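These notes are about the structure you will find just below.
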Amino acid sequence: ELSLGKDGDVVGAPRYRVVLAHQTMIDDSRLGVDLNDGTALGGPCEILSVDRLVIREEFQQVSGKRSRVQNLAREATVRLRETIAPRRTWEVVLRAYDDGVAFRYRFLPQEGFDALAIRQERTEFRIPGKSLAFALPLNGYTTSYETRYKVKPVGELPQEWLLGLPLLIECPGGKWLAITEANLDEYAGLYLAPSDPGTLSARLSPLPNEPRVAVRHSLPHTSPWRVLLVADRVGRLVESDIVLNLNEPCAINDTSWVKTGKTTFPWWNGFYEEGVPFKPGLNTATAIHYIDFCAMAGIPYHSLDGIENTAWYGGPIVPYEGADPTKAVDGLDLQAVLQHAKAKGVRIRLWMNWQAARAHMERAFPLYREWGIEGVMLDFMDRDDQEMNRFVRRAVALAADNQLTVTLHGCPKPTGLERTYPNLLTHEAVMNLEYDKWDQIGITPDHEVTVPFTRMLAGPLDFHQGSFRTVRPEAFKPRNDAPLVMGTPARTLASYVVFQNHLSMVADYPTAYQGHPGLPVLAAIPTTWDETRVLDARVGEYIVIARRSGEEWHIGAMTNSKSRSIEVSLQVLGAGEFSASICLDTANDPSRLIRSDSKVSKETPISLDLSAGGGAYLRIVPSRKP
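Per my numbering, the very first residue in the sequence shown carries number -7; after that it's consecutive.
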């Protein structure tokens, strides 16, 4: 529900409200921005005009939770003029979807106002009633979003907390709300800070060299969308395409070269290996060993990254000290590796510090295309001020020009840029399984079943998946080389369905997979989807997601540290009988995997028994008549 005034109304300080099924989700909340000259847009205004339109479009998404995306919304552009000097004109653009709303500011050139310098936004989100926040408190704007979620009533959030997005809120009456942003272009990243009890106020990441300014730009200019997902069940937020829909259409004429897939990532396992006639590390023998594993297992990509604090191209991983990312360290014959990969039908991906990309990408990216490189991972941005957002967009566009896919690590949350540049396959921006290398708590099952309802609402996420070397939480201890993960092999398989990740890792060392019954199952799980449905879920407790690829349905179920039995409806299946291949936990041994086959149909639910920290994976295909 969206209420607007009419032409000529004097509205005072402009405010907005969001209502879902007669329940107020956002109470009257302030709009506007504070400018660097000490004035503000957001005081008393009159409405000059309200222009409305209906958006109806459908587009193909190369990598996403569904291949055909519908963008259906009502939009209104409200033109406002200040009633007091200097009587500037500005606009608020609003959209209403079935599962959320969004708004943005449009700044117009006019006499006395020909350049934009924003100090801060006045945007507020007033959450009525006793609502519960699943909050991500951050230490500041220089952040990779890698902290743990805290669950607190909205009215009790400490005012000193700076909250990362998306922010998930459980509202009274079984309603759900999430706040994030979309289409972040030439603007500062959005954060929230508690102000009055129950009120969250916008905070913008400041420019690195101007800590009192967040945005500088010529006019006209438009802010990103402030996005509010709302629903009567939390699974609908996970299914939503709003963030994608609020971005610009695909800018790549031919996307046929963009291929999702899985990749090795030796850094995660510390270049550990057993029983090989060479010393594992940044060398030709190790790379060829991994390429041979990929070819054997059906893993399309191998990543060259770094070991300890040495990048594959030489010099420290951090800080970047000027090494050339077109030349490999001594002992790593890059051309020999590329030739071997080509002969084996495996493609190579290259990790790089973002500063190496900034310094060399105009020369390096065309050279990578010449070499047949599949894509790049850019790392350690750790900020989303206007300057960094400009760099990321430029790097992704240049990569597209050179037919390179992109993964972002050490980065803030996604904002839907993958619609415009579908070569952007995934982001990190989450505390994930790399923390099992050094963190005493590690990545718990409870954290893993919170992330799909928080960070994943913003878009694809990388989670350093793939290890079958699982232990019970009480047996976990961090270690850098060959780290352990909490859970079960069935949970590992389920994670490839639960997490929307279009360039998922197979992060363990090759001999760890040798002979494991889960490896061929893992390799066959798709990495992009035609349809996504959340079948059952409770935030922080468990989740069951079904995703369709062609005629096949893949179901992933994950639970927290408690065992549980879940009866799963199969109504997503079409008519007829289907064959299900099921991977389950064993009752007593978290390192084992049970596989079975069954006939299923949409009329009959299936019962899944999940061990503590465990999971289940199902592949369901239509039964074929003889």
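Think of the CB as a built atom: it goes at the ideal place given N, C-alpha and C, for glycine as much as any other residue.
Because the structure is a prediction, the values reported are computed rather than measured.
| query | result |
| --- | --- |
| Select from 246, 146, 369 and 334 the residue whose C-alpha is nearest the C-alpha of residue 259. | 369 |
| Could you pull out every residue in the same chain whose Cβ sits closer than 8 Å to the Cβ of residue 638, ignoring the five residues on either side in sequence? | With the chain covering -7 to 618 only, the question about residue 638 has no answer from this structure. |
| Pick from 161, 377 and 21: whose alpha carbon is nearest that of residue 198? | 377 |
| Going by DSSP in three states, residue 575 sits in which element: helix, strand or coil? | strand |
| Output needed for residue 37: all residues of its chain with C-beta closer than 8 Å, excluding positions within five of it in sequence on either side, in chain order. | 2, 3, 4, 5, 6, 72, 73, 74 and 75 |
| Which ranges would you report for the beta strand (DSSP E) in the stretch 308 to 375 if only whole runs of at least 3 residues count? | 339 to 345 and 367 to 371 |
| For residue 58, I'd like the list of residues in its chain whose CB is within less than 8 Å of its CB, leaving aside the five on either flank, ordered along the chain. | 233, 521, 522, 523 and 524 |
| Mind reading off the beta-carbon distance from residue 367 to residue 396? Whole number of angstroms is fine, and I expect it under 8 Å. | 5 Å |
| Taking the beta carbon of residue 444 as the centre, do at least 16 other beta carbons fall within 10 Å, making it buried, or is it exposed? | buried |
| Taking DSSP's pairing of strands, which residues face residue 168 in a bridge? | 162 and 223 |
| May I ask you to list the residues that DSSP assigns as paired with residue 588? | 574 |
| If I'm right that residue 138 touches residue 423 with Cβ under 8 Å, what's the distance once you round it to whole angstroms? | 4 Å |
| Would you kindly check if the distance between the Cβ of residue 299 and the Cβ of residue 273 is under 7 Å? | yes |
| Please report the straight-line C-alpha distance between residue 548 and residue 417, rounded to a whole angstrom. | 21 Å |
| Buried or exposed: residue 617, going by 16 or more other Cβ atoms within 10 Å of its Cβ? | A caution first: residue 617 carries a pLDDT of 47, below 50, which makes its placement in the model unreliable, though a value can still be read off. It counts as exposed. |
| Out of 251, 293, 578 and 561, point me to the one whose CA is closest to residue 599's CA. | 561 |
| Spatial neighbours of residue 12 within its chain, please: C-beta separation below 8 Å, excluding the five flanking residues on both sides. | -7, 167, 222, 223 and 224 |
| Spell out a yes or no on whether the stretch 481 to 501 and the stretch 572 to 584 are touching, meaning 3 or more CB-CB pairs, one atom from each, closer than 8 Å. | yes |
| Would you call residue 359 buried or exposed, if buried means 16 or more other Cβ atoms sit within 10 Å of its Cβ? | exposed |
| Can you tell me which of the three DSSP states residue 545 falls into? | strand |
| Does the pairing of the stretch 234 to 252 with the stretch 408 to 416 give three or more beta-carbon distances under 8 Å? | yes |
| According to DSSP, residue 89 sits in a beta bridge with which residue or residues? | 92 |
| Between the Cα of residue 318 and those of 349, 178 and 379, spot the shortest distance and give me the residue it belongs to. | 349 |
| Where does residue 37 sit, in a helix, a strand or coil, going by DSSP? | strand |
| Considering only the alpha carbon of each residue, which of 159, 169 and 388 lies closest to residue 17? | 169 |
| What residue range does the alpha helix (DSSP H) around residue 392 cover? | 378 to 393 |
| Is it right to say residue 596 is buried, meaning 16 or more other beta carbons lie within 10 angstroms of its own, or is it exposed? | exposed |
| Beta-carbon within less than 8 Å of residue 180's beta-carbon, same chain only, minus the 5 sequence neighbours each way: which residues are those? | 110, 196, 197, 198, 199, 206, 207, 376, 377, 378 and 381 |
| Just curious, the alpha helix (DSSP H) that residue 425 is in, first and last residue? | Unbroken run through residue 425: none, as it is neither H nor E. |
| Which class does residue 285 belong to by DSSP, given the choice of helix, strand or coil? | helix |
| When we look at the beta-carbon of residue 270 and count the other beta-carbons within 10 Å, is it buried (16 or more) or exposed? | exposed |
| Looking at residue 463 and residue 453, is the spacing between their C-beta atoms short of 7 Å? | no |
| Quick one: residues in its chain with C-beta nearer than 7 Å to the C-beta of residue 508, no 5 flanking neighbours on either side, listed in chain order? | 460 |
| In this structure, how does DSSP classify residue 396 when only helix, strand and coil are distinguished? | coil |
| Can you give me the start and stop residues for the alpha helix (DSSP H) that residue 489 sits inside? | 481 to 490 |
| Our contact map puts residue 216 next to residue 99 with C-beta atoms below 8 Å; I'd like the distance itself, whole angstroms only. | About 13 Å separates the two Cβ atoms, so there is no contact after all. |
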